[in-house]
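Working notes, structure below.
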Amino acid sequence: MGKAPEIPALTGLRFVAAGTIVFAHFAEGSSFMPFGLHSPISVIGMPLFFTLSGFIVHYVYAGSFAKSWRAAVPAFAFARFSRLYPLFFAILLFYLLGKLGRVFFAHPGIGLSFASLTGTWWYWVVDGESFAGQRYHISWSISTEMFFYLVYALVLYRIVAISSIRRCTVLLVGLCVLTFAVFYLVFATQASWLAFVLARHPEYVSTDVDMDNSFYRWLVYLSPYFHIPEFLAGVLTCQIYLLIQRSGATVRTRIGEFLAWSGVAWMLVALVLLVAQWDFGERGQFLDYVVFLHKNFLMAPGCALLILALALGGSSIARALGHRVPTYLGEVSYSIYLGHPFVFTFMFVLGFGAAAYTMTIGFVLVAVWASLLYFSIERPGKAWLRAAFNAAYGRRRLPSPAREASVEDAARIAAGR
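Going from the sequence shown to our numbering is simple: count from 1 and add 19.
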């Protein structure tokens, strides 16, 4: 499996996604409200996570799948496992010492699903709490990501066969329009289908009882089924990029600049619409629909534009994110994601939970802690597992972490809300 050319700006973009999550979680935990407004910036992180994931997976593995599906599948599966599981499992062992361990003991099926990163693929409730109510709920996006890997290996890798930039662009635009239309039908009829589901499954938690643990929130936010369009958008965006590269066409800097800032503008407008309802009480069906979309596809079109622009290069945003500090923080972003709750808890216990501390030195501590996790668990664990795979299947050799570090998988983006 060859090494893909470097795209440093996309590594830096992982830090942006991670940063939005850390900022939002720390702001919420410390009641930090600049100008008296909420900080909905975390809604960028999730679609950025999944869209970038689709792009990078296709960018790195499309060629291997095109050559030989049979040879590509085991190498692909083990590469994804070795990248995600060491740190996930190490932190899982810590959480098993508490309440989550008791859940695993009382419900081994749920425990197995949680530990195998399929816990968000189905809705389950233990003592009135779903996946979202567990101490390690932050790992939900990793579980959802694993579903995308399965779908890619079974179906989506075939997108590499699209040979026309125009056709691929039409498919991407069509995907966005179709997703918005289908999700609007789900939104407009939610009272009916929710009543139907809850009547047949009274054990499910309703939104009236507990929104966080409800079946509704699991379906539209935690489950992979409402996020797969984001991943697919990333795959199509990557195919457009690969076709542009294959054609040898030169993309002017101002085009990349336009694409990048168009993506940013999309996300900023979406944030303004969310703030209009959340902080200023503006109502209406359109704004209600926008709030519904923030759980899934709202930011995806903007993310696709930004990702394509950064891959093409030349824009001011690409240059900024390609610098050493953003790329390093992007490298450790998976550790940032899974590790940052420990930093906030540590600061809160020591009496430094106020915004003056968490929103300043808290970020520095997150970077330090994430670096420790990365170099002590994540990277060594990945290297050890890949060495074991290479020893067993030498002819399907996996690249070492050092060789592949230039283009890391977007599953390492810290995501969550």
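Think of the CB as a built atom: it goes at the ideal place given N, C-alpha and C, for glycine as much as any other residue. As the structure is a computational prediction, the values presented were derived from the model and not from experiment.
Nearest candidate by alpha-carbon position, reference residue i, set the options
i           : options            : result
residue 257 : 303, 322, 136, 200 : 322
residue 259 : 183, 320, 292      : 183
residue 154 : 358, 314, 238      : 358
residue 233 : 141, 276, 265      : 141
residue 222 : 272, 146, 87, 201  : 146
residue 375 : 96, 38, 48, 84     : 48
residue 275 : 162, 392, 338, 53  : 338
residue 98  : 196, 251, 165      : 165
residue 27  : 391, 352, 392, 347 : 347
residue 88  : 196, 176, 390      : 176
residue 44  : 137, 411, 382      : 382
residue 41  : 394, 392, 377, 69  : 377
residue 308 : 208, 353, 228      : 208
residue 367 : 39, 50, 25         : 50
residue 39  : 290, 303, 334      : 290
residue 318 : 63, 24, 54         : 63
residue 15  : 373, 111, 112, 412 : Any question about residue 15 goes unanswered here, given that the chain covers just 20 to 436.
residue 280 : 228, 304, 334, 303 : 334
residue 229 : 220, 149, 178, 210 : 149
Length of the line joining the Cα atoms of residue i and residue j
i           : j           : result
residue 300 : residue 406 : 56 Å
residue 270 : residue 288 : 27 Å
residue 206 : residue 286 : 21 Å
residue 225 : residue 217 : 7 Å
residue 65  : residue 355 : 15 Å
residue 202 : residue 187 : 22 Å
residue 342 : residue 385 : 20 Å
residue 387 : residue 362 : 10 Å
residue 400 : residue 215 : 46 Å
residue 379 : residue 371 : 11 Å
residue 101 : residue 193 : 35 Å
residue 238 : residue 244 : 7 Å
residue 199 : residue 316 : 8 Å
residue 144 : residue 264 : 48 Å
residue 133 : residue 268 : 46 Å
residue 197 : residue 85  : 28 Å
residue 103 : residue 123 : 21 Å
residue 292 : residue 394 : 40 Å
residue 90  : residue 412 : 10 Å
residue 117 : residue 111 : 10 Å
residue 174 : residue 185 : 21 Å
Beta-carbon proximity list for residue i, same chain, < 7 Å, skipping 5 on both sides
i           : result
residue 327 : 256, 259, 260, 278
residue 92  : 172
residue 295 : 301, 306
residue 109 : 396
CB-CB length for residue i against residue j, believed under 8 Å
i           : j           : result
residue 34  : residue 349 : 4 Å
residue 330 : residue 29  : 7 Å
residue 31  : residue 262 : Contact doesn't hold; Cβ gap of about 24 Å is too wide.
residue 106 : residue 397 : 4 Å
residue 162 : residue 136 : 5 Å
residue 74  : residue 249 : Going by Cβ atoms, the distance from residue 74 to residue 249 rounds to 11 Å, so no, they are not a contact pair.
residue 241 : residue 151 : 6 Å
residue 252 : residue 191 : 6 Å
Beta-carbon proximity list for residue i, same chain, < 6 Å, skipping 5 on both sides
i           : result
residue 436 : Because the pLDDT of residue 436 is 36, which lies under 50, any placement of that residue in the model is unreliable, and the question is left without a value.
residue 67  : 36, 322
residue 80  : 95
residue 77  : 254, 257
residue 390 : 351
residue 195 : 320
residue 312 : none
Extent of the continuous alpha helix (DSSP H) to which residue i belongs
i           : result
residue 285 : 272-297
residue 181 : Segment: none, residue 181 is in no alpha helix (DSSP H) and carries neither H nor E.
residue 159 : 159-173
residue 409 : 398-411
residue 33  : 27-48
residue 118 : 118-125
residue 305 : 304-312
residue 380 : 380-392
residue 367 : 352-368
residue 145 : First-last for residue 145: undefined, no H or E at that position.
residue 320 : 319-331
residue 247 : 247-266
residue 225 : Taken as a continuous stretch (DSSP letters only), residue 225 belongs to no alpha helix (DSSP H), as it is neither H nor E.
residue 77  : 61-86
residue 217 : 209-219
Below-8 Å beta-carbon distance, residue i vs any chain B residue
i           : result
residue 185 : Going by chain labels, chain B is absent from the structure shown, which holds only one protein chain.
Any non-hydrogen atom of the ligand MN within 7 Å of residue i CB
i           : result
residue 344 : The model on display carries no ligand, and the ligand MN is accordingly not part of it.
Residues near residue i in its chain [Cβ-Cβ closer than 8 Å; skip 5 each side]
i           : result
residue 283 : 321, 325, 336
residue 297 : 57, 59, 310
residue 120 : 114
residue 420 : In this prediction, residue 420 scores a pLDDT of 45, lower than 50, which makes its location untrustworthy; no coordinate-derived value is stated.
residue 157 : 356, 357, 360, 435
residue 247 : 166, 167, 170
residue 129 : 122, 123, 138, 143, 145
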